[in-house]
Structures are given as C-alpha cells and as structure tokens.
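Novice: Numbering (full-length UniProt numbering), first residue to last: 8 to 408.
Even for Gly, the Cβ is constructed at its ideal location relative to N, Cα and C.
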Amino acid sequence: STWFDQAHFIPPDAIFALTAQYLADPFPQKVNLGQGTYRDENGNPWVLPSVQKSREILSQKLNHEYLPIVGLASFRQEAAKLALGPELFAKQQDKLATCQSLSGTGALHLAGLLLRAGRASRPKIYIPEPTWSNHHQVFASLGFQCETFQYCNPETKGLDIDSYYAALKAAEPNSVVIIHACAHNPTGCDPSQEQWRELARIFKERQLFPLFDAAYLGFNSGNVDNDAFAIRLFIEEAKLEAGVCLSFAKNMGLYGERVGCFLLATSTEETAVKTQSMLEMLQRSEVSNPPAYGAKIASTILADATLRQAWHDDLITMSDRIRSMRRALYDRLISSGAPGSWEHLIRQSGMFGFLGLSPSIVLKLREQYHIYMAGNSRISIAGLNEQNVEYVGDSITECLK
Ligand code: PMP
Numbered sequence: 008s009t010w011f012d013q014a015h016f017i018p019p020d021a022i023f024a025l026t027a028q029y030l031a032d033p034f035p036q037k038v039n040l041g042q043g044t045y046r047d048e049n050g051n052p053w054v055l056p057s058v059q060k061s062r063e064i065l066s067q068k069l070n071h072e073y074l075p076i077v078g079l080a081s082f083r084q085e086a087a088k089l090a091l092g093p094e095l096f097a098k099q100q101d102k103l104a105t106c107q108s109l110s111g112t113g114a115l116h117l118a119g120l121l122l123r124a125g126r127a128s129r130p131k132i133y134i135p136e137p138t139w140s141n142h143h144q145v146f147a148s149l150g151f152q153c154e155t156f157q158y159c160n161p162e163t164k165g166l167d168i169d170s171y172y173a174a175l176k177a178a179e180p181n182s183v184v185i186i187h188a189c190a191h192n193p194t195g196c197d198p199s200q201e202q203w204r205e206l207a208r209i210f211k212e213r214q215l216f217p218l219f220d221a222a223y224l225g226f227n228s229g230n231v232d233n234d235a236f237a238i239r240l241f242i243e244e245a246k247l248e249a250g251v252c253l254s255f256a257k258n259m260g261l262y263g264e265r266v267g268c269f270l271l272a273t274s275t276e277e278t279a280v281k282t283q284s285m286l287e288m289l290q291r292s293e294v295s296n297p298p299a300y301g302a303k304i305a306s307t308i309l310a311d312a313t314l315r316q317a318w319h320d321d322l323i324t325m326s327d328r329i330r331s332m333r334r335a336l337y338d339r340l341i342s343s344g345a346p347g348s349w350e351h352l353i354r355q356s357g358m359f360g361f362l363g364l365s366p367s368i369v370l371k372l373r374e375q376y377h378i379y380m381a382g383n384s385r386i387s388i389a390g391l392n393e394q395n396v397e398y399v400g401d402s403i404t405e406c407l408k
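Okay, here's the thing in structure tokens:
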C-alpha cells in the first residue's frame, strides 16, 4: 500500500522531452528548433560579452551570503527602471511593489499568489490561445479557473484582433488577463501601437487586470523601449494597475541562473506598501530568498553605463541574427518551391517562427529529417544558422510536396 493512492502519472513536459530526444539522436545533421534558447552562428550557446564582463567584475568581490527575502535591492530597482523607463519609474516608484523571482516563471507564480491573496474572491484568468505552454499550469496549479480566447487566426496565421477585443468585452469584470508584452510565444504576432491603445481602453472600461508576461524585453526588436511600449502605455497613459513578470533568461542569456522580477504598479502608495509586505511573506514561505549570482550579474550590467551599452549591442547581435535567419528560411522556402504562402514567417517577430504545419508534417520532419520543433510547428529561429538553414527549408518543402 502507498500513501499516494491518488498519484497519477503525468507525461513529461513536451518541450523538455523534445530536447532530450534531440540530444539522444546520433544523426550528424540533426537540427534543434525546439526549446527557445539563443544559439550563435555555429549553433552553440552564447555567453553575452556584457555578461562575461560583469562576471569578471563580480568575481573580485563575490561572496555567497543570503540576499534579502525580496531580493537584491539594486537589481529590483534597475529591473523596474528598465521595464518602466526612467521617467515613468520616477513617477511610479512610490506606488510600486517589486520582488526578485525565479526567472519569468517564478514571477508569474508570485503574481498568482498575490492575486489570489489580495482580493476577497479569486479572479478568473484569461489566457490567449495559443500561448506559452506553462501559463495554464502555473495558474491552474494555484487553483485559478483559466479561460482561453482565440489570439491567432489559423487562416492568416496572424493576430486575430477582433477576437481579442470581443473576448475582453465579454470577460467577467475584475478578471486577470495574461498579456505577452512583446514577441508573443508561439505566434510571433503582437498588436500594433494603435491596437494596444484600444486594448488598454477596453481593459479600463471592463475593469480587467493586465498581467504582463515580459520574457523578451529588448530581445524582440533589439530595443527595450520599443519592446516595453505596451507596459508603459497601460500604466502611464491608461492609468491601469498592472503586474509585470520580467525574465532575464533570454535578453541576458541567463537561462539557468533564474533571474527575474515581479513588478506591481499600484494606484496608491498604501497599496504598494501592503502588497510589498505580502510579496515578502509569500516569497519567504516558498523559497525563503532568491538566488544571488544571476541578479548580481544583471544589476552590475544595468547600473553601469558602459556595460549597459555593451548589453544593448548584444541585444542587437541576437535580434539581428534571428531576423536574418528568419529571412533566410523564408527565402529558401520560396526558392525551393514550398507550396502555400509563407508571408506570415517574415511578418512575425521574436525568437519563434510559427510555421502552421500539421502535426503529421512536424512528426515526419522529426523522424525522417531529424529536424526537431514543437508539436504546434513553432520553431526557435535561433537554432538556424548558415550551415543548416538550406537543409531545413528544403526538408520542409519536400515534406509538403
Ligand atoms: N513566458 C514566456 C512567454 C516564455 O516564452 C518564457 C520562456 N520560455 C517564460 C515566460 C519564462 O521563462 P523563464 O522562467 O525561463 O524566465
């Protein structure tokens, strides 16, 4: 007999399982377009030069003491300034609660804990469909009822803005809506500035709480200010309370260091003080205090003008390479005569390309061509390089013909 008679088997996480399958494949020309991790032009992990420099500076004075419960103060401050921009930060800082988190996932989880604890009744969570595979799990595991709305038009493989507007208008007031701040995962389709304005207006009208998942600030366009447009608009212009879940996994390449921050822009100083104290208690009961090394690396970069410039250069390096590989794959699909339209691929932005292939084609590419991508045909563009992009384009064409 076992204590765990209610335990049931849960299949492994699809994307981590795909990575394991790729690693076990002995085929020399195998291509990994699964997990969203940046790769350099030779297909290797890339330690950003700005991060390398920050590590060198840190190594001279590094100790391994505990951080405070809510994390490294300089990191929290720099992260908030980065997301809000210096002007909005200055205006908002007394109405801001911040807590360092276990990367973006931990920030979402903390947000969930606070949203659950901070109101008399538990709000519903509205999540775009499709979305990052972990959103439902994070919020369902906290006992939230999750609702979905159609985000992408399967015909055009583009944003279905009318469905988005309609979903918000029909949503229960006082609900939470998960918003990808930029570089929507997996579709790579974001609202235009005009559409963001209309969305903010509807959030206000319907009394919805925007929870921004900001895992790609600066990584999407190469410019943090562009990528933070929606966050700043909602808080500054629309005067909405908002949560922002920041990750430094992609934009600093600090994946495994788990560097993130949850920011809450509130409407009163009193709420900021109270929610700050709740975040401290929630964090204490869960992880006691967050990991130190990655936060020190990030704050050293953000607080130093020279290092920060070097980081901006690194963001350009990564986003430019991704953009050029997106173009190269598109060109190869066209020149090899892949049936159908591929305009969506170059209209999309960010780390991923959403190809719109059927599950059977995805499987065929994996089994016969050793090209690994998520089951929904999302590819991590960073896995492409000059050596493999033609092979990938030609293989997709062959599969479709
Ligand atoms: N949100 C989205 C949309 C993501 O794509 C990711 C990373 N794949 C995350 C959050 C969180 O990642 P991490 O916890 O590694 O920061």
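In whole angstroms, what separates the C-alpha of residue 32 from that of residue 12?
Specialist: Locating residue 32 in the sequence shown gives position 25, counting from the first residue. Locating residue 12 in the sequence shown gives position 5, counting from the first residue. Approximately 36 Å, taken between the alpha carbons.
Novice: With distances taken from CA atoms, which of 171, 380, 307 and 404 is nearest residue 3?
Specialist: Here the chain has residues from 8 to 408 only, and residue 3 is not among them.
Novice: For residue 92, which residues of its own chain have a beta-carbon under 8 Å away from its beta-carbon, when the five flanking residues on both sides are left out?
Specialist: Taking the sequence shown and counting its residues from 1, the one referred to as residue 92 is at position 85. So the qualifying residues of the chain are 232, 235 and 239.
Novice: Measuring straight from C-alpha to C-alpha, what distance separates residue 290 and residue 372?
Specialist: In the sequence shown, residue 290 corresponds to position 283, counting from 1. In the sequence shown, residue 372 corresponds to position 365, counting from 1. Each residue's Cα considered, the two are about 43 Å apart.
Novice: Please report the straight-line C-alpha distance between residue 228 and residue 327, rounded to a whole angstrom.
Specialist: As a first step, residue 228 must be located in the sequence shown, where it is residue number 221. As a first step, residue 327 must be located in the sequence shown, where it is residue number 320. Their backbone Cα atoms lie some 8 Å apart in a straight line.
Novice: Using three-state DSSP, classify residue 133 as helix, strand or coil.
Specialist: Reading the sequence shown from its first residue, position 126 is the one you call residue 133. It is a strand residue.
Novice: If you run the structure through DSSP and keep just helix, strand and coil, what is residue 5?
Specialist: Any answer about residue 5 is impossible in this case: the structure gives the chain only from 8 up to 408.
Novice: In angstroms with no decimal places, state the Cα-to-Cα distance between residue 103 and residue 8.
Specialist: Counting from one through the sequence shown, the residue named residue 103 turns up at place 96. Counting from one through the sequence shown, the residue named residue 8 turns up at place 1. If you take the alpha carbons of residue 103 and residue 8, they lie about 51 Å apart.
Novice: Sorry if obvious, but does the Cβ on residue 148 come closer than 8 Å to a heavy atom of the ligand PMP?
Specialist: Your numbering for residue 148 matches position 141 in the sequence shown. The answer is no for residue 148.
Novice: So residue 79 packs on residue 306, CB below 8 Å; how close in whole Å?
Specialist: Along the sequence shown, read from residue 1 onward, the residue named residue 79 stands at position 72. Along the sequence shown, read from residue 1 onward, the residue named residue 306 stands at position 299. That belief holds up - the Cβ atoms of residue 79 and residue 306 are roughly 6 Å apart, short of 8 Å.
Novice: Under the DSSP definition of a beta bridge, which residues are partnered with residue 39?
Specialist: Numbered from its first residue, the sequence shown carries residue 39 at position 32. 379.
Novice: Return the chain-ordered list of same chain residues with a C-beta closer than 8 Å to the C-beta of residue 169, the five sequence neighbours on each side being excluded.
Specialist: Taking the first residue of the sequence shown as 1, we reach residue 169 at position 162. The answer is none, since no qualifying residue turns up.
Novice: CB-CB under 8 Å to residue 124, same chain, minus the five flanking residues each way: which ones, in chain order?
Specialist: The count along the sequence shown starts at 1 and reaches residue 124 at position 117. Only 285 and 289 meet the Cβ criterion.
Novice: Thinking residue 358 and residue 55 are a contact (beta carbons under 8 Å), I'd like their distance in whole angstroms, please.
Specialist: Counting from 1 along the sequence shown, the entry for residue 358 is found at position 351. Counting from 1 along the sequence shown, the entry for residue 55 is found at position 48. In fact, because the Cβ distance is near 15 Å, the residues do not count as touching under 8 Å.
Novice: Verify whether the separation of the beta carbon atoms of residue 145 and residue 105 is less than 9 Å.
Specialist: Start at 1 with the first residue of the sequence shown, and residue 145 comes out as number 138. Start at 1 with the first residue of the sequence shown, and residue 105 comes out as number 98. Not closer than 9 Å, so no.
Novice: In chain order, which alpha helix (DSSP H) runs of at least 4 residues are fully inside the stretch 279-336?
Specialist: Segments of the alpha helix (DSSP H) lying fully in the stretch 279-336: 300-310.
Novice: Please name the residue in 247, 334, 90 and 147 whose C-alpha comes closest to that of residue 223.
Specialist: Position 216 of the sequence shown, counted from the start, is the residue given in the question as residue 223. That would be 90, whose Cα lies nearest to the Cα of residue 223.
Novice: Is the CB-CB distance between residue 333 and residue 360 below 9 Å?
Specialist: Here the question's residue 333 lines up with position 326 in the sequence shown. Here the question's residue 360 lines up with position 353 in the sequence shown. For residue 333 and residue 360, yes; Cβs fall inside 9 Å.
Novice: Check each candidate in 308, 401 and 315 and name the one with the smallest Cα separation from residue 336.
Specialist: Position 329 of the sequence shown, counted from the start, is the residue given in the question as residue 336. Measuring from the Cα of residue 336, the nearest candidate turns out to be 401.
Novice: Classify residue 116 as helix, strand or coil using the three-state DSSP reduction.
Specialist: What you label residue 116 is simply residue 109 of the sequence shown in a count that begins at 1. In the structure shown, residue 116 sits in a helix (DSSP, three-state: H, G or I).
Novice: Grab the span of the beta strand (DSSP E) containing residue 387 for me, first residue to last.
Specialist: Here residue 387 refers to the residue found at position 380 of the sequence shown. Segment 385-387, the beta strand (DSSP E) holding residue 387.
Novice: By the 10 Å Cβ neighbour count, where 16 or more other Cβ atoms means buried, how is residue 194 classified, buried or exposed?
Specialist: On the sequence shown, position 187 is the one that residue 194 refers to. It is buried - the Cβ of residue 194 has at least 16 other Cβ atoms within 10 Å.
Novice: Rank 44, 28, 16 and 22 by C-alpha distance to the C-alpha of residue 255 and give the top, closest one.
Specialist: Position 248 of the sequence shown, counted from the start, is the residue given in the question as residue 255. For the residues 44, 28, 16 and 22, the minimum Cα distance to residue 255 belongs to 44.
Novice: Ordered along the chain, which non-local residues of its own chain (more than five positions away) have a Cβ less than 7 Å from that of residue 225?
Specialist: The count along the sequence shown starts at 1 and reaches residue 225 at position 218. Excluding positions up to five away in sequence, the list reads 231, 234, 258 and 322.
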